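K.L.:
As you go down the protein sequences, you meet chains A and B in turn.
Counting with the working numbering, you get residues 12 to 390 for the letters of the first sequence.
Counting with the working numbering, you get residues 12 to 390 for the letters of the second sequence.
There are 2 protein chains.
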Amino acid sequence: MKFTINRDVFIKALNNVSRAIASKTTIPILTGLKLSLDAEKLTLTGSDADISIETTIPVAADQAQLQVAEPGAIVLPSRFFTDIVKRLPEKTMTIAATDNLQAVITSGQAEFTINGQNSDEYPLLPTIASDHSLKLAAAVLREVIAQTVIAVSNQDSRPILTGVHLSIHNGELLAVATDTHRLSQRIVKLENAGDADYSINIPGRSLIELSRTIPDNVDTIDLRIAENQVLFLLDNTAFYSRLLEGNYPNTQQLLPTEHTTALTVAADTFRAAIERASLLSHESRNNVVRLVLTPEDNTAVLSSTSPDVGTVQEEIAFTALTGDTLDISFNPDYMKDALQVIGQGDVNMAFTSPLRPFTIAPTDDAQQFIQLITPIRTF
Amino acid sequence: MKFTINRDVFIKALNNVSRAIASKTTIPILTGLKLSLDAEKLTLTGSDADISIETTIPVAADQAQLQVAEPGAIVLPSRFFTDIVKRLPEKTMTIAATDNLQAVITSGQAEFTINGQNSDEYPLLPTIASDHSLKLAAAVLREVIAQTVIAVSNQDSRPILTGVHLSIHNGELLAVATDTHRLSQRIVKLENAGDADYSINIPGRSLIELSRTIPDNVDTIDLRIAENQVLFLLDNTAFYSRLLEGNYPNTQQLLPTEHTTALTVAADTFRAAIERASLLSHESRNNVVRLVLTPEDNTAVLSSTSPDVGTVQEEIAFTALTGDTLDISFNPDYMKDALQVIGQGDVNMAFTSPLRPFTIAPTDDAQQFIQLITPIRTF
């Protein structure tokens, strides 16, 4: 293998693929980066067995200035190789594999010789047929991921809850995640979904990495689903993730259909108050803030107490408050996450009782995006 | 104690003083920030026993909008109090101490009540007479600190070497630091030093924090020296540091007076090559790079080898190379630090033998700034 390439273009591809490479793994060759070269293109592959990312740089791409001298393949130590490439002195560099599994990297007067591994020992990526394919708008996918991954579980006790459940049915995509303390659900209408009908569970971590991998200039993402793998095609990059096995719990029954108290408040104002109150709750053992809603006095008061440190209390400015008086306590970090993915604008919060989950939804989009938080009993 | 103040101005003062406050300390009250208020000014004090910083905000300062309602003093938990102040909703805030050693912090609708401590229990800062006073240009002091602290020792085995030795004599300031593996010495002519004659050892950490504390708008710093303390006066901030006891070793005899090989090279080019070579040296046990100078062939070759990972080799472009052939090995991190504090421009390196310390000095300033690195024996 031997080629010359523009270093900036190569570094971009390297950064993409590196997202999938773990520094510690039970399969040693996966700490490496696979380079394979044929007459038309250079392919970089990284994988941690859960996620695999493959990026291709074609000879035809002008900016890349890719010159293929001799096709071939090698696996190089990822972190170390990346450090070297980033520090090379010139705009272009040449990488040549030797017969004894070393790579010689040259740029200007600098010449590195580093030990590699046989690319034949690198695991093959799954083959996913293109007949189960679906197109998604990149911006929508990014938004759906951001809005749901906040609610995935970090605990391995119920592995299925560490993923986001995606179901595509009747021309609609429904994404939902819950760690049993909170839930986040987003529904998106799909154009051109045809009669696609899938139900899959993608690990939250895969979606976070996918979201970081989607380049700004990509509009449409091609989604392909196989039995235990999903493939996202973004421009010259293929992003593979394993799927979680098992049946996702039925979350539809958890969404309350009525409420007795309702509060409408600007998301950013309320978030700032929640962050202030959490300064106190973070100092105490149970991380709880208290919200007392008194519609007849027209007051909403947020407070928190830590016996060692002190107390905080704040009257919240709101847009509307109706229904019964309510005294409820909850984890402020969940509320902060919920408000953060809503961003600007007003949110509706609907409550039934101090111990029943309450809903949070943007006022302008109530049917499409809804979140649930389970209160904490403090008495 | 009760006052109202502009929050931005207060946060700036808080950030200054917080540099001296350690989150863990053997004297619990020193995790706190001391606030004391009289009719003319608010004073903030932080200390970790080694370093103490005191900043004053006068009523006369327009921007501060300081309104004194009731003089007094209190000690508040520093980190927690800072987090609160930074998250308050309005431009101004009010702090009031209560009889039971609590502080009530209000801003807009937010009200925090936090537990404090009695300010009488806070250690008093040393009193330093103003008759041993000396004026230094802030820019010069910052430069001298940056150039010398790199060479202080991190090891507590010889405490005196963890400091920078400053001597003021004959209208000249000489600053020197060495950890026995390298040395850095800077000399500065002082105007208006008169017959000042001091010799003190300031902990390296104090100087690093001092450098960060000097505001950009301060031109001149007032230096006051007492038996075991030094005080730097910068505008409204007083920076105290303890001094290291003991006699600093005589370092003048370490500076070589002759050389057999000399290399002149652009500091930034050489630094980039050193950083590349150190990628390999960092992977091996002894962190060594090798420089082979061959004046008769007009070549300077830098290299490093790590048996597990690979090798690097680079021919260095230089301005001048004279004298005997030399094959020398050294720690690239020391060289990187040395070149970094020189910055732009050419450096002269002067060598005598593979095992004797060599010097590094900017070509345009040889007498005033000189560094020494001890080579490493590799054979």
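Even for Gly, the Cβ is constructed at its ideal location relative to N, Cα and C.
Every value quoted in this text rests on a predicted model; they were computed, and no experiment measured them.
Mind listing the chain A neighbours of B/ASP94? Cutoff is C-beta to C-beta under 8 Å, in chain order.
P.N.:
Residues of chain A passing the Cβ test: LEU290.
K.L.:
Which residues in the same chain have their Cβ closer than 7 Å to the Cβ of A/ALA207, if we skip the five residues on either side of it in sequence?
P.N.:
The answer, listed in chain order, is LEU145 and ILE179.
K.L.:
Step through the CB atoms of chain A and report whether any lies within less than 8 Å of the CB of B/ILE219.
P.N.:
No, B/ILE219 does not count as interfacial toward chain A.
K.L.:
Roughly how many whole angstroms lie between the Cα atoms of A/ASN17 and A/GLN78?
P.N.:
Their backbone Cα atoms lie some 10 Å apart in a straight line.
K.L.:
Going by DSSP in three states, B/ASP233 sits in which element: helix, strand or coil?
P.N.:
Strand.
K.L.:
A/ASN27 lies in the alpha helix (DSSP H); which residues open and close that run?
P.N.:
Note, A/ASN27: alpha helix (DSSP H), 18–29.
K.L.:
Give the interface partners of B/GLU326 over in chain A, defined as CB-CB distance under 8 Å, in chain order.
P.N.:
Neighbours of B/GLU326 on chain A, chain order: GLN120.
K.L.:
Cα separation between B/THR138 and B/LEU234?
P.N.:
Cα to Cα, the separation comes out at about 14 Å.
K.L.:
Under 8 Å, Cβ to Cβ, is there at least one residue of chain B near A/ARG301?
P.N.:
So, not an interface residue.
K.L.:
Between A/VAL151 and A/ASN247, what straight-line distance do the alpha-carbon atoms span, to the nearest angstrom?
P.N.:
If you take the alpha carbons of A/VAL151 and A/ASN247, they lie about 20 Å apart.
K.L.:
Any Cβ of chain A within less than 8 Å of the Cβ of B/ALA108?
P.N.:
Chain A, which has no Cβ nearer than 8 Å to the Cβ of B/ALA108, makes this no.
K.L.:
Answer with yes or no whether the minimum CB distance from A/ARG90 to chain B is below 8 Å.
P.N.:
A/ARG90 does not count as touching chain B.
K.L.:
Quick check on A/PHE393: does DSSP put it in helix, strand or coil?
P.N.:
In the structure as shown, chain A begins at 12 and stops at 390. Residue 393 of chain A is therefore absent and cannot be evaluated.
K.L.:
Span of the beta strand (DSSP E) holding A/MET104?
P.N.:
A/MET104 -> beta strand (DSSP E) spans 103–108.
K.L.:
Within its chain, find whatever has a CB closer than 7 Å to the CB of A/LEU274; leave out the 5 residues flanking it on each side and keep chain order.
P.N.:
The residues are LEU304, ALA311, PHE329, LEU332 and MET360.
K.L.:
Between the alpha carbons of A/ILE211 and A/ILE225, how many angstroms are there, rounded?
P.N.:
Using only the alpha carbons, I get a separation of about 20 Å.
K.L.:
Within 8 Å (strictly less), CB to CB, does B/THR42 reach chain A?
P.N.:
Cβ-Cβ to chain A under 8 Å: no for B/THR42.
K.L.:
Give me the DSSP bridge partner(s) of A/HIS176.
P.N.:
A/VAL187 and A/ASN212.
K.L.:
For a cutoff of 8 Å on Cβ pairs, would you count B/PRO39 as touching chain A?
P.N.:
It does not; no Cβ of chain A falls within 8 Å.
K.L.:
Name the one or two DSSP bridge partners that B/TYR251 has.
P.N.:
DSSP, once it has assigned bridges, lists B/SER63 and B/LEU242 as partnering B/TYR251.
K.L.:
Using three-state DSSP, classify A/GLU286 as helix, strand or coil.
P.N.:
It is helical.
K.L.:
I'd like to know whether the C-beta atoms of B/LYS52 and B/ILE68 end up nearer to each other than 8 Å.
P.N.:
Contact: yes.
K.L.:
Closest by CA to B/GLY257, which one among B/PRO214, B/LEU383, B/THR191 and B/LEU302?
P.N.:
It is B/PRO214 whose Cα lies nearest to the Cα of B/GLY257.
K.L.:
Which class does A/ALA349 belong to by DSSP, given the choice of helix, strand or coil?
P.N.:
DSSP places A/ALA349 in helix when its eight states are reduced to three.
K.L.:
Report the residue from A/HIS270, A/THR103 and A/THR385 whose alpha carbon sits nearest the alpha carbon of A/VAL299.
P.N.:
Among A/HIS270, A/THR103 and A/THR385, the Cα nearest to that of A/VAL299 belongs to A/THR385.
K.L.:
Give the residues of chain A in contact with B/GLN264, contact being defined as C-beta atoms less than 8 Å apart.
P.N.:
Going along chain A, no residue has its Cβ under 8 Å from B/GLN264, so there is no contact; the nearest lies around 38 Å.
K.L.:
So, helix, strand or coil for A/PHE380, using DSSP?
P.N.:
If DSSP states are grouped into helix, strand and coil, A/PHE380 belongs with the strands.
K.L.:
Against chain A, does B/GLU101 count as a neighbour if the rule is that its beta carbon must be under 8 Å from one of theirs?
P.N.:
It does not: the Cβ of B/GLU101 has no partner Cβ on chain A nearer than 8 Å.
K.L.:
Mind listing the chain A neighbours of B/ILE179? Cutoff is C-beta to C-beta under 7 Å, in chain order.
P.N.:
In chain order: nothing, as chain A lies at least about 42 Å away.
K.L.:
Under 8 Å, with one C-beta from each stretch per pair, do the region 318–326 of chain A and the region 282–301 of chain A reach the 3-pair mark?
P.N.:
Yes, they touch.
K.L.:
With a threshold of 8 Å, are at least 3 pairs of Cβ atoms found where one atom belongs to the region 365–379 of chain A and the other to the region 16–34 of chain B?
P.N.:
Short answer: they don't touch.
K.L.:
Please compile the residues from chain A whose C-beta is within a distance smaller than 8 Å of the C-beta of B/GLN113.
P.N.:
Here the neighbours are GLY321.
K.L.:
So if I threshold CB-CB distances at 8 Å, which residues from the region 271–295 of chain A count as touching chain B?
P.N.:
The residues in question are ALA283, ALA284, GLU286, ARG287, LEU290, LEU291 and GLU294.
K.L.:
In chain A, which residues lie with their C-beta within 8 Å of the C-beta of B/ARG98?
P.N.:
Correct list: ALA283, GLU286, ARG287 and LEU290.
K.L.:
Under DSSP, the alpha helix (DSSP H) around A/PHE92 begins and ends at which residues?
P.N.:
Start and end: 89–98.
K.L.:
Nearest to A/ILE38 by CA position, among A/LYS347, A/SER58 and A/THR103, is which residue?
P.N.:
Comparing Cα positions, the closest option is A/SER58.
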